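Take the position in the sequence shown, starting the count at 1, then add 5; the result is the number in the numbering used here. Every residue gets a Cβ at the ideal spot worked out from N, C-alpha and C, and that includes glycine. Computed from a predicted structure; not experimentally measured. Below: one structure, written as structure tokens.
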Amino acid sequence: MTQNPTIPNPITVTILPAQPPDYHPIAALEAQTFYHEPFTIVAFGPLRGTPKVVSVRGEGLAKQPTDKEGNRKKGEWNLVTKAVDENGIIVGAAAWGFVTSGEGQEVGEVEVEGRKEVGEEVTGGDWPEGANVKFCEEFFGKGDRLMAESCKGKDYAKLSVLVVSPSYQRRGIGAKILEHGLKEVDKLGLQCVLGASKEGLGLYTKFGFEKYETIPIKLWEYEGGEGFGSDEQVIMNRPARKV
């Protein structure tokens, strides 16, 4: 039987916790995968994908949640997982955050990529060099506020990144990475939140995520977005499940 040339060959991947040497390659994979997307161009500017920015991003993936004094937060942790092929090459990854302190997040006070937000004001922290600060603070700030709102003050997990190498897409790798992470989420009895692109809606809906609110994005209104159209992100919440 002749194989359909439009369907990529299946591939065997193993999902594993990322180790310190993996963070830089994962950051590089993320930069490569999203480099040409209009959203990424507007948000992170002409320096996106440069060695310095990728290096800083890799360092960020390795970090764990800390308080103002630099102490590890109790009941909160980050987890990065990698998908490797038969040759041990990283072909995909995910970044998860877990909050199990029993306090959840109050609406109006959330962490936005290392910055503390109170209401509409963002204080402290820095975006990557060359990033469009106005765009990032408005967009990511609103997204995280809506995610916190959807959690209603209860503990949760958050999927911050799900990436698959362009040459390995359409082979079910993203679904395998997502399923692997959600098993841990369900084991902990947590709800899960994320911000989905239009392309990812089908996958996330399949795994039980529900639409909470859509954020329209007029890219042309921001510096660097001249000539681009509109985009959107859908804030989604997957209710906690008992296992």
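Chain-order list of residues whose beta-carbon lies under 6 angstroms from that of residue i (same chain, five-residue window excluded)
i      : result
Leu199 : Leu164 and Met241
Thr105 : Gly80 and Asp160
Ala67  : Tyr28
Ala2   : Since the first residue of the chain shown is 6 and the last is 248, residue 2 is not available in this structure.
Exposure of residue i, with buried meaning 16 or more beta-carbon neighbours within 10 Å
i      : result
Pro26  : exposed
Lys251 : In the structure as shown, the chain begins at 6 and stops at 248. Residue 251 is therefore absent and cannot be evaluated.
Thr86  : buried
Gly93  : exposed
Supposed contact pair residue j and residue i - C-beta distance, whole angstroms, cut 8 angstroms
i      : j      : result
Pro51  : Leu224 : Not really, about 15 angstroms apart at Cβ, beyond 8 angstroms.
Val169 : Gly158 : Not really, about 33 angstroms apart at Cβ, beyond 8 angstroms.
Lys247 : Gly186 : Wrong, their Cβ atoms sit about 18 angstroms apart, outside the cutoff.
Ile46  : Gly229 : 6 angstroms
Ile31  : Ala88  : No, Ile31 and Ala88 are not in contact; Cβ-Cβ is about 10 angstroms, not under 8 angstroms.
Backbone CA spacing between residue i and residue j [nearest angstrom]
i      : j      : result
Gln196 : Phe214 : 10 angstroms
Gly102 : Ser235 : 29 angstroms
Arg176 : Thr17  : 10 angstroms
Lys192 : Gly232 : 46 angstroms
Gly130 : Gly107 : Residue placement at Gly130 is poorly supported in this model, since its pLDDT is 47, which falls under 50; the coordinates still yield a value, given next. Spanning the two alpha carbons is a distance of roughly 26 angstroms.
Pro56  : Val190 : 33 angstroms
Cys141 : Lys188 : 31 angstroms
Lys216 : Glu204 : 14 angstroms
Pro22  : Ile222 : 33 angstroms
Ser155 : Glu237 : 18 angstroms
Arg77  : Asp149 : 21 angstroms
Gly135 : Thr38  : 19 angstroms
Ile182 : Ala153 : 24 angstroms
Chain-order list of residues whose beta-carbon lies under 7 angstroms from that of residue i (same chain, five-residue window excluded)
i     : result
Ser60 : His29
Leu34 : Ile95, Ala98, Val168 and Ser170
DSSP-derived helix/strand/coil call for residue i
i      : result
Pro224 : Before going on, a small fix: residue 224 reads as Leu here, not Pro. Correct three-state label for Leu224: helix.
Ile16  : coil
Pro22  : strand
Val61  : helix
Glu125 : Unreliable positioning characterises Glu125 in this predicted model, as indicated by a pLDDT of 32, which lies under 50. A coordinate reading is not provided.
Ser202 : coil
Gln37  : helix
Gly102 : strand
Asp149 : helix
Gly107 : coil
Thr45  : helix
Glu142 : helix
Glu91  : coil
Thr55  : coil
Leu84  : strand
Gly97  : strand
Asp27  : helix
Cβ neighbours of residue i in the same chain (closer than 8 angstroms, five flanking residues each side left out)
i      : result
Pro133 : Phe49, Leu52, Arg53, Val58, Val61 and Arg62
Glu184 : Phe212
Trp82  : Gln69, Pro70, Gly102 and Phe103
Chain B within 9 angstroms of residue i, Cβ atoms only
i      : result
Thr219 : Judged by its chain identifiers, the structure shown contains no chain B, having just a single protein chain.
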